[in-house]
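Written below as structure tokens is the structure these notes are about.
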Amino acid sequence: IDKRLVTAIEVLSLANKRLGKNGRVSYQQKQGELRAGGVHLVEIDLLRAGTHTTAVPRAQLLPHIGPFDYHVCVTVAGESTRFFARAIRLTDPLPTIRVPLDDGVPPVPLALQPLLDRAYDSGRCSLAVDYARAPEPPLSPEQRAWAEGILRTKGLLP
Numbered sequence: 106i107d108k109r110l111v112t113a114i115e116v117l118s119l120a121n122k123r124l125g126k127n128g129r130v131s132y133q134q135k136q137g138e139l140r141a142g143g144v145h146l147v148e149i150d151l152l153r154a155g156t157h158t159t160a161v162p163r164a165q166l167l168p169h170i171g172p173f174d175y176h177v178c179v180t181v182a183g184e185s186t187r188f189f190a191r192a193i194r195l196t197d198p199l200p201t202i203r204v205p206l207d208d209g210v211p212p213v214p215l216a217l218q219p220l221l222d223r224a225y226d227s228g229r230c231s232l233a234v235d236y237a238r239a240p241e242p243p244l245s246p247e248q249r250a251w252a253e254g255i256l257r258t259k260g261l262l263p
């Protein structure tokens with residue numbers, strides 16, 4: 106059995122976006138090592154804050170996917186210019202993405218919304234977040250109204 110890494114899935118953290126050698130530089134080295142090793146790279150950026158860090162530069166993504174609050178970027182192994190990306194707006198449910206595997210093997214669908222919902226609920230994230238504090242970066246008035254409506258429905262805001 107061939108036990109090589111075919112696809113890496115990275116959920117970006119603020120540490121990946123932090124400037125300096127222990128943050129963004131270190132993550133970019135990892136990106137380069139994965140790509141040089143012939144590994145597909147799936148990057149899920151669910152952070153509105155921080156420097157753009159996925160392998161495909163923001164300026165290159167925007168013409169393909171338009172404006173986004175979050176995004177998913179899939180770079181194909183061995184093809185430095187081939188990528189797939191998906192823009193995600195704050196008010197949209199997270200999409201199902203296609204995770205590439207070996208040549209000749211169809212991609213596997215990965216439904217991100219149920220995955221995140223389960224992680225949030227299992228990790229008791231609602232206990233760790235102060236929803237009364239304004240998020241950084243600030244939300245637009247429309248986004249704030251949308252978020253407050255959800256938080257009130259869930260009993261997380263008065």
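Under the working numbering, the first residue of the sequence shown is numbered 106, with each subsequent residue one higher.
For glycine and all other residues, C-beta sits at the position ideal for the given N, C-alpha and C.
Check	Outcome
Residue 178 - partner residues in DSSP beta bridges	148, 190
Beta-carbon proximity of residue 204 to residue 161, cut-off 8 Å	no
Sequence-distant residues of the same chain with beta carbon closer than 8 Å to residue 286, five excluded per side	As shown, the chain starts at 106 and ends at 263. That puts residue 286 outside it, with no answer to give.
Inter-stretch contact at 8 Å, needing at least 3 Cβ pairs: the stretch 127–140 / the stretch 162–176	no
Beta-carbon proximity of residue 190 to residue 181, cut-off 8 Å	no
Bounding residues of the alpha helix (DSSP H) (the contiguous stretch that carries residue 258)	246–258
Straight-line Cα distance separating residue 221 from residue 247	23 Å
Residue nearest to residue 223 in terms of C-alpha spacing, selected from 199, 211, 251	199
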